[in-house]
Amino acid sequence: MLLARLLGPRDFGVLSVGMAVASVASLVADFGVSHGAARFLAERRAVPSGLRQVVALALRVKTALSVASVAALWGLSLFAPDVFAEPEIGPVIRILALAVAGDSFMQFVAAAFQATGRIPAGLPMVLVKSTSEFVLTVTLVLAGTGVVGAALGRASGYVIGALVGLGTLFAVLPRVGTNGEEGHGFDPVSTRRLFTYSSAILAIDATMILFNQIDVLLVGALMGSASAGILAAPLRLTAFLQYPGLSLAAAIAPRLARAPDEQRPRADTLMAGLRAITLLQFAVLPPVLLWGEAIMRFALGSRFDDSGAVLSGLALYVFLLGFGPLVTMSVNYLGDAAKRVPIAIAVLTLNAAVDVALIPVIGLAAPILGTSLSYTLYVAAHVRLLERTLALPLGSALGTVARAAAAAVLTTLVLFLFVGRAPQGPWLLAALLGAVGLYTAALLAVGERAPLRALEAFRERYRRR
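Residue numbers for the sequence shown follow our numbering, so the first one is 14 and each next one is one higher.
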């Protein structure tokens, strides 16, 4: 958000396009190995020797792939200035090559901690990366280095974060899986087996990275960098809304991994997670629908007023963002990543087709429509996969959906009548806090008792301390 303010729409658009190009090369750096290895780590989380073998193999593969990814990005940087008619995009991409390599190792470290039930161990890596990236980026941009400095700050943060993460992993690994269980009949994971499973995840990652960037790339090519910045700003802002789903997925999905002698896992915890994310995501809808322009102006300044309509238009996509991580990671840990490939291809095809056909006609409304339709297909298809694999009792969640939807409608009506559509500055922050309280009250009014159960669980945990 701060970068968008400091750089402005044009330079922020250049940075966004550069990161979109870098994301393509990140496929080479990861090759699906992070999440592929995580599945095998989760299966062996009680077997120390198995954990160490998988980690050593994955790091060797990651090192080779990272070198290849940096080379690929340097090659891409030679043609990018001509394609996007922006001379600064070449050095931006070359600098971001380091960010791609660092991010690749950070992805593996985070996946390893998640799979082995040591999620808090990844906190130092994230904090150091975020802090160093923020400080260096802002310092360099304020020093007058512009978009190149922004790219350098980002790359430095990822490299520093990767070093901290790897150091933490090596320190924590000897203490993981020490409950004395060495059974379950596990064989060592070969490079071929790792690549076989990871290749399915690679195909998915490739299509989903392109899905996440295709709108910015096509708008940048067809409408210019400024329009790409107007679109990219709310898309980056909505990324924060994935965090509840990511948190639930990190806690729930690894439990679905099975040892060879284990039966199909129970679906109770996953259903509880789906109900929780339903309640959370409906809370987001009223502010996004009513105050899109006010949110973007508060976050990024008046130069991004046009991004407000984009944010409000993406309301359906914003709602579904919380579900994506939970359902996709659950399928991965079940060992069914290959079944996700046709879904990802269909989603990318639909989004690209809508963009290409409609951007010349309706402008930025095209990526809004394409993203919303295709991500709806994405989430629905994964829920269907889980329903068939785990026999999910989805009907039992209909009551939660109905009550949450009713509460969201009530909240939207009250906010529209008494707050309006343009709260500014501190009033917007107060309105957002009030919206949360109002939505919670509306949930209780329509008979949803989840907030009371959550409060009681918190009190019980506090009493135990």
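We put the beta carbon where it would ideally sit given N, CA and C, even for glycine. Bear in mind the structure is a predicted one, so any value in this text is a computation, not a measurement.
C-alpha gap between residue i and residue j, whole angstroms
i    : j    : result
I173 : K142 : 6 angstroms
A110 : L442 : 37 angstroms
A312 : L15  : 8 angstroms
L377 : I222 : 20 angstroms
A184 : G178 : 10 angstroms
S325 : A246 : 13 angstroms
A415 : A444 : 25 angstroms
V122 : I265 : 18 angstroms
V225 : M342 : The sequence as given places Asn at residue 225; Val does not occur at that position. Spanning the two alpha carbons is a distance of roughly 17 angstroms.
V105 : D95  : 14 angstroms
L399 : Y256 : 21 angstroms
M284 : P201 : 33 angstroms
L361 : L207 : 25 angstroms
DSSP-derived helix/strand/coil call for residue i
i    : result
G196 : Reliability fails at G196, whose pLDDT of 46 lies under 50, so the model's placement of it is uncertain and no value is given.
R52  : helix
P201 : coil
T129 : coil
G415 : In the sequence as presented, Gly is not what sits at residue 415; that position holds Ala. A415: helix per DSSP, three-state reduction.
R57  : coil
P464 : helix
R434 : coil
P406 : coil
E473 : helix
G348 : coil
D43  : helix
E146 : helix
V105 : helix
G237 : coil
P100 : coil
V459 : coil
R23  : helix
D318 : coil
L327 : coil
L91  : coil
A280 : coil
Rounded distance between the beta-carbons of residue j and residue i, thought under 8 angstroms
i    : j    : result
G26  : G242 : 3 angstroms
G258 : L329 : Their Cβ separation, rounded to whole angstroms, is 15 angstroms, which puts G258 and L329 out of contact at 8 angstroms.
T291 : T413 : 6 angstroms
G130 : T150 : Not a contact, Cβ separation roughly 33 angstroms.
L298 : V392 : 15 angstroms between Cβ atoms; not a contact.
S385 : L327 : 7 angstroms
Q127 : P267 : 6 angstroms
L40  : A219 : 5 angstroms
V186 : L64  : Per the sequence presented here, residue 186 reads as Leu, with Val not at that position. With a Cβ gap of about 7 angstroms, L186 and L64 count as contacting.
A124 : V34  : No, A124 and V34 are not in contact; Cβ-Cβ is about 24 angstroms, not under 8 angstroms.
L215 : G337 : Their Cβ separation, rounded to whole angstroms, is 18 angstroms, which puts L215 and G337 out of contact at 8 angstroms.
L390 : A420 : With 8 angstroms as the limit, L390 and A420 do not qualify as a contact, their Cβ atoms being about 26 angstroms apart.
Reference residue i, options the options, closest by Cα
i    : options                : result
F147 : A168, Q127, I217       : A168
I217 : G383, G447, R353       : R353
A365 : V229, A262, L446       : V229
H395 : G450, A350, P137       : A350
V113 : G135, A42, T181, R57   : A42
V449 : F471, Q437, A417       : A417
M138 : V154, G170, A163, S409 : G170
V161 : L382, L28, R466, I356  : L28
A164 : D24, A419, L302, L363  : D24
L250 : V202, L91, G321, R462  : G321
A262 : Y346, T204, I308       : Y346
I375 : L215, G314, V232       : V232
P373 : Y210, G237, G103, L390 : G237
L465 : L423, A359, A289, Q294 : A289
E461 : P439, A410, F429       : A410
V367 : I227, P439, A463, A419 : I227
L405 : A280, L468, G438       : A280
Q446 : V432, L457, A458, V459 : According to the sequence provided, residue 446 is Leu. The question's Gln does not apply to it. Considering only alpha carbons, the answer is V432.
V67  : I102, T204, T144       : T204
Within-7 angstroms CB hit, residue i to chain B
i    : result
F336 : Any reference to chain B falls outside this structure, which holds one protein chain only.
beta-carbon residue i near the ligand ATP non-hydrogen atom, thresh 6 angstroms
i    : result
A296 : Questions concerning the ligand ATP fall outside what the structure shown contains, since it holds no ligand whatsoever.
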